[in-house]
């Protein structure tokens, strides 16, 4: 099972960290805390949530962090 930290999910799915935290606390996203006390969110639940969103992120940008060139 693949997992992402909240920071990785924010970058990959272009959303605000508070949105993800609320979804975790409401039980919409499957997550657990690691030894450092950070949330690890399952990729499957993030994909399920992304499919139901109005503002979806394209599939190719979800798999890896988006690189920004200046």
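Numbering (the working numbering), first residue to last: 16 to 85. We treat Cβ as the ideally placed atom computed from N, Cα and C, and that holds for glycine.
Would you mind stating whether residue i and residue j have Cβ atoms separated by less than 9 Å?
i, j, result
"residue 25", "residue 40", "no"
"residue 38", "residue 57", "no"
"residue 63", "residue 20", "no"
Out of curiosity, what's the CA-to-CA distance linking residue i and residue j?
i, j, result
"residue 32", "residue 65", "15 Å"
"residue 73", "residue 27", "10 Å"
"residue 47", "residue 69", "26 Å"
Near residue i, what residues of its chain come up, given a Cβ to Cβ distance below 7 Å and the 5 sequence neighbours on each side ignored?
i, result
"residue 18", "55, 56, 57 and 58"
"residue 49", "55"
Give the DSSP-derived three-state secondary structure of residue i in the structure shown.
i, result
"residue 23", "helix"
"residue 59", "helix"
"residue 66", "helix"
"residue 103", "The first residue shown for the chain is 16 and the last is 85, placing residue 103 beyond what the model contains."
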